[in-house]
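Engineer: Just passing along the structure, written as structure tokens.
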Amino acid sequence: MTSQITSELGSTIDQFLTQREMTFSRKDSGGKDADYFVVDLPGEKKLKTAVLLTVAPHGLRIEAFVCRKPDENHEGVYRWMLKRNRRLYGVAYTLDNSGDIYLVGRHSAESITDAELDRLLGQVLEAADGDFNVLLEIGFITSIRREWAWRVSRGESLNNLKAFEHLIDGDGSDGAPGRSVPSHNGNGGAPRSHGDRARGEGGAHLSGGDGTPSAGGAPIGGVEKGREEGDNGRPQAFDAATPSSDVGLDD
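Read left to right, the sequence shown gives residues 143 to 393 (my numbering).
Right, dumping it as structure tokens:
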């Protein structure tokens, strides 16, 4: 019976992803009662969000990496995540053993339909992509300011830092670190964005006007990963879009 449940659920997911021409891979765990799908959702703040769908006798488990563990202001980050959880549909923010930030959810096999998959994956994309810059503002502000100052001093492009311009004093022409805009919204220090105001209960759907999400610009995380401080005075890069370890979530 359990094998039949996982087989039917796996077929439902496979058909849903295939019909929408989504980028995914299907992997067999090697056992008779588990199946895995890795789905790539293109975004705007992050180039893509990889979603792990685990099909098992209990139903469907959803898991998606959002952001590396914060460099600072951990309490502010966690407070913001807990408040954000109130407005999420079918998934919630959590941490792995390394402190990296994930979205996770569990759903019964009977509840998984095409409409429900659309809503769940849409919520994952809306949160993982839409919340990314907010998490950076709260937990990586020092790194952002240092990178901004270095680029200004060298005359380098600020294109993928423009979303954080409000965190820099003045117009940033002197490259000096600045301060964040005062906030009184209880979001742990993060300014309330247009996306926050637009979000309602229950999240979004995956399908847009043409039925698929669109790819966007380059994220700040991951630029020149691994450079060290002292290389022409450049600060060490932070790679918020990549997990700090391969530990991942456990049960």
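Even glycine gets a Cβ: it sits at the ideal position worked out from N, Cα and C. This structure is a prediction, so every number in the text was calculated from the model and none was measured.
By Cβ distance, which residues of its chain are closer than 6 Å to Asn-329, with the 5 residues on each side in sequence left out?
Structural biologist: Residue confidence is low: Asn-329 scores 47 on pLDDT, short of 50, so the model does not pin down where it sits. Its coordinate-derived value is still stated next. Same-chain partners within the cutoff: Trp-222.
Engineer: Within the continuous alpha helix (DSSP H) that includes Lys-225, where are the two ends?
Structural biologist: 216-227 is the span of the alpha helix (DSSP H), which, as asked, contains Lys-225.
Engineer: Does the distance from the C-beta atom of Asp-177 to that of Val-197 stay below 8 Å?
Structural biologist: Contact flag set, yes.
Engineer: Three-state secondary structure (DSSP) at Ala-251?
Structural biologist: Three-state DSSP puts Ala-251 in a helix.
Engineer: Select from His-308, Asn-302, Ser-386 and Phe-282 the residue whose C-alpha is nearest the C-alpha of Glu-217.
Structural biologist: Minimum Cα distance to Glu-217 is reached at Phe-282.
Engineer: What residue does the alpha helix (DSSP H) around Ser-285 start on, and which one ends it?
Structural biologist: 283-296 is the span of the alpha helix (DSSP H), which, as asked, contains Ser-285.
Engineer: Looking at the structure shown, is Thr-148 part of a helix, part of a strand, or coil, going by DSSP?
Structural biologist: If DSSP states are grouped into helix, strand and coil, Thr-148 belongs with the helices.
Engineer: Quick check on Gln-157: buried or exposed, where buried means 16 or more other Cβ atoms within 10 Å of its Cβ?
Structural biologist: Gln-157 comes out exposed.
Engineer: Among all the DSSP beta bridges, which residues are the ones paired with Phe-166?
Structural biologist: DSSP output for Phe-166 lists Val-181 as bridge partner(s).
Engineer: Taking all protein chains shown into account, decide if Asp-273 is buried (16 or more other Cβ within 10 angstroms of its Cβ) or exposed.
Structural biologist: When all chains shown are included, Asp-273 counts as buried.
Engineer: Please report the straight-line C-alpha distance between Ala-291 and Glu-268, rounded to a whole angstrom.
Structural biologist: Spanning the two alpha carbons is a distance of roughly 30 Å.
Engineer: Among Ala-383, Met-164, Ala-257 and Ser-153, whose alpha-carbon lies nearest the alpha-carbon of Asn-275?
Structural biologist: Answer by Cα proximity: Ala-383.
Engineer: Closest to Ile-204 by CA distance: which of Asp-260, Pro-212, Leu-277 and His-249 is it?
Structural biologist: The shortest C-alpha separation from Ile-204 is found at His-249.
Engineer: Return helix, strand or coil for Ile-310, following the three-state DSSP convention.
Structural biologist: Coil, per DSSP.
Engineer: Quick one: using the 10 Å Cβ neighbour count with 16 as the cut-off for buried, is Arg-287 buried or exposed?
Structural biologist: Buried, since its Cβ has 16 or more Cβ neighbours within 10 Å.
Engineer: Quick one: what does DSSP say Arg-203 is sitting in, helix, strand or coil?
Structural biologist: In this structure, Arg-203 counts as strand in the three-state DSSP scheme.
Engineer: Do you know whose CA, among Ala-251, Phe-179 and Asp-260, lies nearest Tyr-231's CA?
Structural biologist: Nearest option by C-alpha distance: Asp-260.
Engineer: Quick one: grab the DSSP three-state call for Arg-334.
Structural biologist: In this prediction, Arg-334 has a pLDDT of 44, which is less than 50 and means its spatial position is unreliable; nothing more can be read from the coordinates.
Engineer: Consult DSSP for Ala-270 and reduce its assignment to one of helix, strand or coil.
Structural biologist: Of the three classes helix, strand and coil, the one that applies to Ala-270 here is helix, per DSSP.
Engineer: Among Pro-385, Leu-151 and Ser-386, whose alpha-carbon lies nearest the alpha-carbon of Ser-253?
Structural biologist: Here the closest residue by C-alpha is Leu-151.
Engineer: Are the CB atoms of Asn-227 and Tyr-220 within a distance shorter than 8 Å?
Structural biologist: No, these two residues do not count as a Cβ contact at 8 Å.
Engineer: Kindly indicate the opening and closing residues of the beta strand (DSSP E) around Lys-190.
Structural biologist: Residues 190-198.
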